[in-house]
Every structure is written in structure tokens, then in C-alpha cells.
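Notes for the one structure printed next.
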Amino acid sequence: MLSWRLSFADPTKSSAPSRDSVGGPAWLPKGLAPPSCTLCGTRLTLVFQADLPPGHPLAGRHLVVLTCPKHDDIWGGIYEDGIVAHPPGRLPQGYWKGGGHYHLATYAGELEAAPSDGRLEATPLDLGPDPEPRRQAFRLGGHAPHVDKLGYTCSCGAKMVQVGEVPNDFKFPLAPGQAALPGTFSTKNDKLFLGNYVLLMACSASCDPMAMVAYHA
Ligand SMILES: [Zn+2]
Ligand SMILES: [Zn+2]
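Each position in the sequence shown, counted from 1, maps to that position plus 762 in this note's numbering.
Set out below in C-alpha cells:
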């Protein structure tokens, strides 16, 4: 499985909204309303996004990871206390619809940049080689060593493929003037799903753009 390291690029080198970014405008299908939290109604914040590059099984699709700026844990549906509580094997029908305070998807086709909520510092991402693919890293693709043991398949029967990975305590810088979440140690950053080491898995057949799981490794 090919993998790519993601690193923060110099924001001054590009003026157009980047499709590979932390924060900034999310690239979403034309006409899709920017997603909101079903619990509190707050617009979801784009945490990061990237085009899956040639060589990845879902090449050409656009990965987006949005979460509620007020609810940064993961619960509901197949999740319990921040982990996938569903037993190994086939995931249940509509498993991606269980929780409403995040939006994980890989979109194909024509996309447009939805206005940003301004919470995170908009920073373009560079894709580079991944010299240590078996170590925790901020990456696209990848194949974490224990993923095969999970044995998850999508409800449609296709296997799940890793589309990205966020290491433990990874920091997503807030834009100037934005307040950190209450109870967090960092005043300058958000973390994805409480800062857990997260593997992002998607249906290899893309039966639905949102057929994804955030597995807390
Ligand atoms: Zn919320
Ligand atoms: Zn599927």
C-alpha cells in the first residue's frame, strides 16, 4: 500500500484555496450545504482535506475530515467512548450515519470550495515520500500494522482501505483570535477526536462517499 507524508506548506506561496489543506475552505460537491453538527447546530470545521493521489486505491477522490468545534470526541452508531465498538467483521448498514458531529467522506466529481468557518489557520499541505510507512505519522494512504487484524468490511461487502492517518496528539493550529476548546491543554491548537491516534478507513468500492470509519488505534 502506497503512502504519502503530509506536511505543512508555506501559506504565502499560494493564494488560491488549496485542495490539500489543514483548515480553510472545504472542497465539497456542488450544491452540498456545508455540514453542521446534529447535536448543537454549529458549522463543522474543516480539519484537513486532500486529493488521494495516483497509486492509492481511491485515487482521484477527495478526502475531507470535518468535526464540530464543540464536540471533539467520537460517539454514536458504531462508536462508544471514542472507539469503534462494533465487533470485527462486516459493518452494519449505514454505519456512517450514526454520529452527527463529524463529517468524513471521499468525494468524486466536480467540487467547489465552501466558505471556511475561519477556526483553523488555513495552511496548504504538501505530499511527500513516506520513508517510514510503519511509524505513526500524518499521512495519506498507508497500512497500519494492526489494520488487518480488525477484519472490518463495509456493509456492501467490499474491504475497507486506509485513506489517512493522524498521529497521537497531532496539532491543528487555530487561526489568530480563535478560542481553544474548554478543558484542553493547548490554547493554540485543535486536535482531531481528542488527540487520539486515528486511522481513517474508507470502503474500497466507495458505495457511499461517507462510507468511512475513524478507527482509534
Ligand atoms: Zn456540536
Ligand atoms: Zn461499501
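For every residue, glycine included, the Cβ atom is placed at its ideal position computed from N, Cα and C.
9 Å Cβ cutoff met for residue i and residue j
i: M972; j: A821; result: no
i: G785; j: T885; result: yes
i: K853; j: R781; result: Before going further, note that residue 853 is Leu rather than Lys in the sequence given. Going by C-beta atoms, L853 is not nearer than 9 Å to R781.
i: K950; j: F932; result: no
i: L790; j: S878; result: no
i: Y977; j: I845; result: yes
i: L825; j: A812; result: yes
i: A899; j: R767; result: yes
i: Y864; j: F955; result: yes
i: D888; j: F770; result: yes
i: N963; j: V925; result: It should be noted that the sequence gives Met, not Asn, for residue 963. It is a contact, given that the beta carbons lie within the stated cut-off.
i: L936; j: R881; result: yes
i: S783; j: F810; result: yes
i: G817; j: G903; result: yes
Which of helix, strand or coil DSSP assigns to residue i
i: D782; result: coil
i: T1015; result: Only positions 763 to 979 of the chain appear in the structure, and residue 1015 is not among them; the question remains open.
i: K792; result: coil
i: F947; result: coil
i: L825; result: strand
i: P886; result: strand
i: D892; result: coil
i: A979; result: coil
i: R805; result: strand
i: Q811; result: strand
i: R767; result: strand
i: P819; result: coil
i: P797; result: coil
Residue i to residue j span [Cα, whole Å]
i: L801; j: P831; result: 12 Å
i: T774; j: S917; result: 43 Å
i: D910; j: S798; result: 33 Å
i: K848; j: H908; result: First, the amino acid is wrong: residue 848 is His here, not Lys. Each residue's Cα considered, the two are about 17 Å apart.
i: G838; j: Q855; result: 14 Å
i: G862; j: L794; result: 16 Å
i: G803; j: A920; result: 33 Å
In chain order, which beta strand (DSSP E) runs of at least 3 residues are fully inside the stretch 832-884? Qualifying beta strand (DSSP E) stretches, in chain order: 864-869, 873-876.
Ligand 1 site residues, beta-carbon cut 6 Å against heavy atoms: C799, L801, C802, T804, C830, K832, H833, H863
Beta strand (DSSP E) segments (min. 3 residues) lying fully within the stretch 902-932: 922-928
Which complete beta strand (DSSP E) runs does the stretch 946-977 hold, if anything under 3 residues is left out? Every beta strand (DSSP E) stretch that sits fully inside the stretch 946-977 and reaches 3 residues is listed by chain position as 960-965.
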